[in-house]
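J.: Quick note on the working numbering: the sequence shown kicks off at 217 and runs consecutively.
Every residue, glycine too, gets a C-beta built ideally from N, C-alpha and C.
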Amino acid sequence: MKPAGSDSEHGDTIHTMRGLTIDRNHFGPDWSSLAVSGEIDLATVDELDKEIKSVLESDGGNLAVDLRTSDFMDSTGLRCLVMADRSFREADRKFALVVTNGPISRLIDLSGVDSTIQIVSSPDELLT
217 MKPAGSDSEH GDTIHTMRGL TIDRNHFGPD WSSLAVSGEI DLATVDELDK
267 EIKSVLESDG GNLAVDLRTS DFMDSTGLRC LVMADRSFRE ADRKFALVVT
317 NGPISRLIDL SGVDSTIQIV SSPDELLT
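1) Please report how far the alpha carbon of residue 344 lies from the alpha carbon of residue 266, in whole angstroms.
2) Quick one: is residue 294 near chain D, going by C-beta distance under 8 Å?
3) Quick check on DSSP: helix, strand or coil for residue 218?
4) In terms of residue numbering, what span does the beta strand (DSSP E) encompassing residue 285 cover?
5) Starting from residue 274 and walking both ways along the alpha helix (DSSP H), at which residues does that stretch end?
6) Pull up the distance between the alpha-carbon of residue 252 and that of residue 237, whole angstroms please.
7) Within a Cβ cutoff of 6 Å, which residues of the same chain sit near residue 281, ignoring the five residues on either side of it in sequence?
8) For residue 295, which option in 258, 336 and 335 has the closest C-alpha, if you only look at C-alpha atoms?
9) The beta strand (DSSP E) spanning residue 256 covers which residue range?
10) Would you decide whether residue 307 is buried or exposed? Buried here means 16 or more other CB atoms lie within 10 Å of its CB.
11) To the nearest angstrom, how far is the alpha carbon of residue 325 from that of residue 336?
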């Protein structure tokens, strides 16, 4: 399986004016991914929220937000992800974050979000 964000045949890349890049792809039978690069903060969170809602409204499957190449996330980004998880649960769909060690992982740990949102270190973990 190709890592989330690498399947250019089926993916779309969104570049924002503020340096955030979001690659939308599909993996496995029923998962979409948003691979996010750059900083998720007050200036960029609306673009991420828009892409998450687009998947929720159009896709019908589950969503993994891949934060492995994100540099920074503030509380507005964290809130966006918590609200996305809630929306996917209400739609009886799965939502997960792909995170490795670093500042975003620490923010997730300190906030306690890891007790409600599924956290994995690789999209492959979602297919088992």
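T.: Here's the rundown:
1) The straight-line gap separating the alpha-carbon atoms of residue 344 and residue 266 is approximately 29 Å.
2) Annotation note: the requested chain D is absent from the structure, which comprises a single protein chain.
3) The predicted position of residue 218 is uncertain, since its pLDDT is 36 and thus under 50; no value can be drawn from it.
4) Its beta strand (DSSP E) spans residues 278-289.
5) Where residue 274 is concerned, the enclosing alpha helix (DSSP H) stretches over 261-274.
6) Their Cα atoms are separated by approximately 6 Å.
7) These residues qualify, in order along the chain: 250 and 313.
8) Closest in C-alpha terms to residue 295, from the list 258, 336 and 335, comes 258.
9) Where residue 256 is concerned, the enclosing beta strand (DSSP E) starts and stops at 247-256.
10) The residue in question, residue 307, is exposed, as its Cβ has fewer than 16 Cβ neighbours within 10 Å.
11) So the alpha carbons of these two residues sit roughly 13 Å apart.
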